Amino acid sequence: MEKYICIIGILVNQKSENAPKVQQILTKNGSLVLHRSGIPYSKCDRGIINLTVEATPDELDSITKELGSVKDIVVKSMILADGADKLQICNL
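Sequential numbering of the sequence shown, starting at -15, is according to the numbering used here.
Laid out in structure tokens, this is it:
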């Protein structure tokens, strides 16, 4: 199945409680991640995570659903570009 460049935005509410759960999911799916950045929003016990991933539609759906199943987590994802091979990310 073809892989795509995708963006995932994650709002981690109740960060002190939920960050370990989110981290576990991200570690499990680490092979998909091309880039990760995070912004702590400590005064509200929140965190914002931005991911760029290379994934099939099924993989994107799976990680989005798994993250969304964590209480107080808001997650949105989108396919940003057609197949990664067409972007010539890697010429292996």
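For glycine and all other residues, C-beta sits at the position ideal for the given N, C-alpha and C.
Being a predicted model, the structure only gives us computed values, none of them experimental.
Residues near residue i in its chain [Cβ-Cβ closer than 6 Å; skip 5 each side]
i: residue 33; result: -6 and 22
Nearest-angstrom beta carbon gap, residue j and residue i [assumed within contact, 8 Å]
i: residue -3; j: residue 57; result: 7 Å
i: residue 9; j: residue 38; result: Actually they are not in contact, since the Cβ atoms of residue 9 and residue 38 sit about 17 Å apart, beyond 8 Å.
i: residue 54; j: residue 5; result: 5 Å
Close Cβ partners of residue i (< 7 Å) along its chain, the five nearest in sequence each way excluded
i: residue 0; result: 29
i: residue 64; result: -11, -10 and -9
Nearest neighbour of residue i, chosen from the options [CA to CA]
i: residue -9; options: 6, 27 and 18; result: 18
i: residue -11; options: 27, 7, 43 and 31; result: 43
DSSP three-state assignment for residue i, whether helix, strand or coil
i: residue -13; result: coil
Buried versus exposed call for residue i [16 or more other C-beta atoms within 10 Å across all chains shown]
i: residue 52; result: exposed
i: residue 26; result: exposed
i: residue 61; result: buried
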